[in-house]
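Residues 1139 to 2166, numbered by the working numbering, are exactly what the sequence shown covers, in order. The structure appears right after this line, and notes come after that.
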Amino acid sequence: MADKVEKCRAALQRCPPGHSNRTKSLNDLANSLADRFQQRGVPSDLDEAIELFRAAVLLCPPSHSDRSSALNNLASSLADRFQEQGVPSDLDEAIELHRAALFICPPGHSSRSHTLNNLGTSLCDRFKQRGVASDLDEAIELYRAALLLRPLGHSLRSHTLNNLGTSLCDRFEQRGVSSDLDEAIELHRAALFICPPGHSLRSNSLDSLASSLSDRFQQRGVPSDLDEAIELHRAALLLRPPGHFRRPTSLNNLAVGLYDRFQQRGVPSDLDEAIELHRAALLLRPPGHSDRAMSLNNIGISLYDRFKQWGVPSDLDEAIELHRAALLLRPPGHSDRAMSLNNIGISLYDRFQQQGFPSDLDEAIELHRAALLLRPPGHSLRSASLKNLGNSLFVKFEQRGVPSDLDEAIELHRAALLLRPPGHFNRSSSLIHLATCLADRFQQWGVPSDLDEAIELQRAALLICPPGHFLRSTSLDDLAISLRCRFKQRGIQADLNEAFGLYVQLSYLSHAISRRDLTAAKSWATSAEETNHPSALLAYQTALKFLDQHVTLLSSSPRHFDVVKMATASLAMDAFSCSVRHGALTTAVEMVEQGRAVFWTQLARLRSPLDELSLSGDTGAALEKEFRQLSFGLRSAFDQSNNEQPPRIRQLTMQWNDVVSRIRMQPDFSRFLLPPLFSDLRKAAEEGPVIIVNASRHGCDALIVLSSHDPVHVPLDVTRTEVSELSSEFQSVAEQFGCSDHQLKLVGILRKLWHHVVDPVVQALRVSNVRPGSRIWWCPTAEFTLLPLHAAGPYERERNNLSQIYISSYTPTLATLVRARERVSRNSSTQHFVAIGQANPDRGKELRCVAPELAAISQCLVPIVSSFRSLRDSHATVQDALDALNHNQWLHLACHGMPNRTHPFDSSFAMRDGPLMIKDIIRSNWQNPEFAFLSACHTTVGDEKSPDELIHLAAAMQFSGFRSVIGSMWSVDDDVARQVVSLFYRNLVDGSGRLDCTRAAVALHKAVKSLRKKIPLEQQIVFVHIGV
């Protein structure tokens, strides 16, 4: 290419002004420079080409036979420079030059079709910059005229077919007329048909057809359209090997298709490949390349979307930096500057929502203001910019309370609504945004007209959100809240009746549930409790049903724990309290079970049933795959929707409901994804009663679940605030164990627990004929999970404490206990035991009694078990521990326990080379685990803000399959642990000389009883038993 340019330059030097071949030489050199620009993207080549073409035009006055060609050449180069630099005047001049060329190419002229095509292309470019619909309509008519002049057999027919098809796609995106898109696809298929393998334009035709199929997929959600588009893009990429000037375009197009499929089906490899393809495209667009900004933007969007999926902050940070780099390449006047401003603004807004830095929100607002200025009245994206700026200002008002921010947000949302007339697909979200702002202003200033207008807007939104619309529940909730607000202000009973009539409609929703649906149902429950409305119990049942379905869409991954934590809050405990107040005791058990330990329940539910489904035959395996893909696709659609109606949600919802129905038709799967019934849950009490102890803002109660009788209600004379204060007091005392005189404080707390909670339960157990010495299971909720119920007592002479009356165990949920009872070891004839001790971890002080502790276990168990393995010190690494657990059903772990109260999935056991974390444990798939003794500190300590999710080390072991687990509630003295362990294992052996994990609670009870006079009180009660 360089040789060609230099040859043409030399030829021009041989043709000075006045030479008969000077025009041809100017054109030749300009064309060679334009070609080199297309290949290398160096702007100076294009600038020089334009100046040469201008000189050629001056040598071709009106009536010159080559004038139309010269005008076309100059116009095309100006259009190319516009594509690179985005200067509007270049494009305007190109259009005028093409019009001038067309004027001197009347019907019958050999260059007419060429000029029609070029003018159409430039008008399309201007439409994309400024959004003026008439430009696009004119372009389409010009392409149609050009196509008539290029019949079958014409060398450029495929080129015009592609251009017309692409323009119709653009018009479809603006106006949504399906026939435009269908015609575009047929035109692109026709173009591909006349570009067989080997044709120079085949890769272009493959690309164009693929793009229009992708558009149709976005509209109608038919998977085959997307699959075909991806295969066409792959075929185009193969025709553009390294070095081909359009290779980066193909890399980009394939990446976009794969990302769309990732959103629909959730196959991680699609997203990973999309990001790598975008990165590869960027490498081929170095600084100075005309498309570099586009690649920076595309990687930024992909990383932003991955952040929306997985919540990894580094993805969002990198996305922001990439969008900033793209903005630098789109200076004032560039056609895509508004897009980059908007992308950075949205990303900064999200980072503010995640991390709370005020500067991010302030910058987002300024960027949205700048984007709005570049989208003047008439621009197709003006309403989106108005909405984004309005939302950011509304959040700023909520943060800082400046009234002018709220007033401006209202005016912006009014302007956006005017641009979304009846029939516009985003009208409902604009109605909702404006109404929300007005309702907030009413709360601030109490102007009745604001509330009345909000209600009318919410009524209008509800009318265009029919049953099945993904914003239906939000519309119902918003209108109900406003009507309740007006009832409080004016006392009109009809407003309150209408509000609850709207809420009851939520119970009829059957589609897969987004966070909006769950939020609306919780709002109903709160409203019903505040007004003592009879629909309260139905509200809680609906909210828990929605919670169940919402969580089902999430993958069982720690990254979704924050979503679960936010969704659950106190819902289950309040539902339990409401059921008890209504006398519906079995319903209370079902509902508290449904709304607690949601993460673990989901993990267990999606592990075993889906595994069983995939192993049940070809039909089951296909259903399992379809269910996983649709769940991921639906979650993606909900996460990305941001109150704008995503085109695929309705279809994905129908498909998801359909696959769940088909799974329930399979043998043994009739209750797939349905919560357990009381008739199943009461099996937890087959070996002894289970006592649910509940703390709710509406009251505290205990419910004793018995295997053969109805539950027994025990009212508790304590409030949740008092329980919370007692829990805080206990945590403060527990931090001082071993350091100061805390005995009196501890006894005082245990006496309060006895008086307010445990003694009333013991009296009810006695009335229910539960004999002293029996085993009982505690299932505490809320702050009760942080208190040692098993250690409560009067602590007075001649009066028994709880441990002298019953043998206590704990269970996080009833279903967990049922599963543990049902899961009998398949290889009960062999017992393989591993003892892991780490006295010198990567971090933490030395534990001097670990070696004697493991030696005592070995002495007791080596003669009994099938195999005994001991891992100590340098052999007790993270990987060695995980490997050992794959081959042994019985575990003893002596080491430091490292709780993390704010990031519970990072809680860990300290190994030689680093932490063995909860997230490592739950990724494992151990075979038939039986029993684990966690001789470490704080193994039952979880997330301080969501105790009911029970994310701690002991729970992780239990939910990973261990039927019986012993853990600790606070710090364990090293020597005490050795003494307890030595006595414990002697008592764990049954009459036949074998280990029996169902004896663990009794064995612990006996071991502690033997040491009662030798060790301090807090060490007597530190260990707890969980499970069978």
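Glycine included, C-beta positions come from ideal geometry on N, C-alpha and C.
CA-to-CA distance, residue j to residue i, given in whole angstroms
i, j, result
"Val-1533", "Gly-1539", "9 Å"
"Asp-1275", "Arg-1622", "50 Å"
"Ala-1681", "Glu-1636", "20 Å"
"Leu-1364", "Gly-1395", "7 Å"
"Ala-2032", "Ala-1419", "52 Å"
"Phe-1383", "Gln-2096", "58 Å"
"His-1928", "Ser-1946", "6 Å"
"Ala-2145", "Arg-2116", "11 Å"
"Ala-1759", "Leu-1325", "40 Å"
"Thr-1919", "Ala-1902", "19 Å"
"Val-1613", "Cys-2075", "Residue identity check: residue 1613 is Ser in the sequence provided, not Val. If I take the Cα positions, the gap works out to 49 Å."
"Ile-1829", "Val-1899", "8 Å"
"Ile-1630", "Ser-1708", "31 Å"
"Pro-1181", "Leu-1351", "33 Å"
"Gln-1643", "Arg-1610", "10 Å"
"Pro-1814", "Glu-1728", "7 Å"
"Leu-1499", "Leu-1952", "45 Å"
"Asp-1488", "Ala-1502", "9 Å"
"Leu-1505", "Arg-1385", "33 Å"
"Lys-1626", "Asp-1615", "17 Å"
"Leu-1285", "Ala-1599", "45 Å"
"Pro-1380", "Leu-1601", "55 Å"
Span of the alpha helix (DSSP H) around residue i
i, result
"His-1326", "1316-1331"
"Met-2095", "2091-2097"
"Phe-2043", "No alpha helix (DSSP H) holds Phe-2043; DSSP gives it neither H nor E."
"Gly-1258", "1250-1268"
"Ala-1393", "1385-1403"
"Arg-1468", "That residue, Arg-1468, is in no alpha helix (DSSP H); it is neither H nor E in DSSP."
Beta strand (DSSP E) segment containing residue i, residue limits
i, result
"Glu-1841", "Inspection of the sequence shows that residue 1841 is occupied by Leu rather than by Glu. Leu-1841 -> beta strand (DSSP E) spans 1837-1843."
"Thr-1851", "Checking the sequence shown, residue 1851 turns out to be His, not Thr. It spans 1850-1853 - the beta strand (DSSP E) in which His-1851 sits, taken as one unbroken run."
"Asn-1832", "1828-1834"
"Leu-1347", "Leu-1347 -> not in any beta strand (DSSP E); alpha helix (DSSP H) instead, spanning 1340-1358."
"Val-2000", "Careful: Val-2000 lies outside any beta strand (DSSP E) and carries neither H nor E."
"His-1970", "1970-1975"
Closer than 7 Å to chain E by CB, residue i
i, result
"Leu-1924", "Annotation note: the requested chain E is absent from the structure, which comprises a single protein chain."
Cβ-Cβ separation, residue j to residue i (assumed contact under 8 Å), whole Å
i, j, result
"Ala-2092", "Gln-1976", "No, Ala-2092 and Gln-1976 are not in contact; Cβ-Cβ is about 18 Å, not under 8 Å."
"Pro-2085", "Glu-1921", "7 Å"
"Ser-1440", "Gln-1312", "No, Ser-1440 and Gln-1312 are not in contact; Cβ-Cβ is about 25 Å, not under 8 Å."
"Thr-1389", "Gln-1357", "With the sequence shown as reference, residue 1389 is identified as Leu, and Thr is not the correct amino acid for it. With 8 Å as the limit, Leu-1389 and Gln-1357 do not qualify as a contact, their Cβ atoms being about 25 Å apart."
"Gly-1438", "Asn-1481", "6 Å"
"Ser-2098", "Trp-2064", "6 Å"
"Asp-1839", "His-1851", "6 Å"
"Ile-2056", "Phe-2043", "5 Å"
"Val-1736", "Ala-1726", "Wrong, their Cβ atoms sit about 17 Å apart, outside the cutoff."
"Gly-1471", "Pro-1226", "7 Å"
Residues near residue i in its chain [Cβ-Cβ closer than 7 Å; skip 5 each side]
i, result
"Ser-1296", "Ala-1329, Ile-1332, Cys-1333, Leu-1339 and Ser-1343"
"Thr-2078", "His-2090, Ala-2092, Gly-2105, Ser-2106, Met-2107 and Val-2162"
"Cys-1262", "Leu-1274, Ala-1277, Ser-1305 and Asp-1308"
"Ile-1887", "Leu-1864, Glu-1867, Phe-1868 and Val-1871"
Cut-off 6 Å between Cβ atoms - residues of its own chain near residue i, not counting five sequence neighbours on either side
i, result
"Ser-2148", "Leu-2121"
"Gly-1220", "Note on identity: in this sequence residue 1220 is Phe, with Gly being the wrong assignment. Here the set comprises Asp-1228 and Leu-1229."
"Asn-1781", "Because Asn-1781 carries a pLDDT of 45, less than 50, the predicted location of this residue cannot be relied on, and the following value inherits that uncertainty. Same-chain partners within the cutoff: Ser-1567."
"Arg-1264", "Leu-1229 and Asp-1273"
"Ala-1348", "Ala-1367, Leu-1370 and His-1371"
"Ala-1663", "Ala-1677, Tyr-1678 and Ala-1681"
One or two residues paired with residue i in a DSSP bridge
i, result
"Cys-1575", "DSSP lists no partner for Cys-1575."
"Leu-1294", "Answer by DSSP bridge pairing: none, since Leu-1294 is not bridged."
"Ala-2048", "Pro-2053"
"Tyr-1948", "Trp-1916 and Ile-2164"
"Ala-2070", "Leu-2029 and Val-2103"
Spatial neighbours of residue i in its chain, beta-carbon cut-off 8 Å, leaving aside the 5 residues before and after
i, result
"Gly-1982", "His-2034, Met-2036 and Ala-2048"
"Leu-1924", "Ser-1865, Phe-1868, Gln-1869 and Pro-2085"
"Ile-1914", "Gly-1826, Pro-1827, Val-1828, Ile-1829, Leu-1903, Val-1908, Tyr-1944, Ile-1945, Ser-1946 and Ser-1947"
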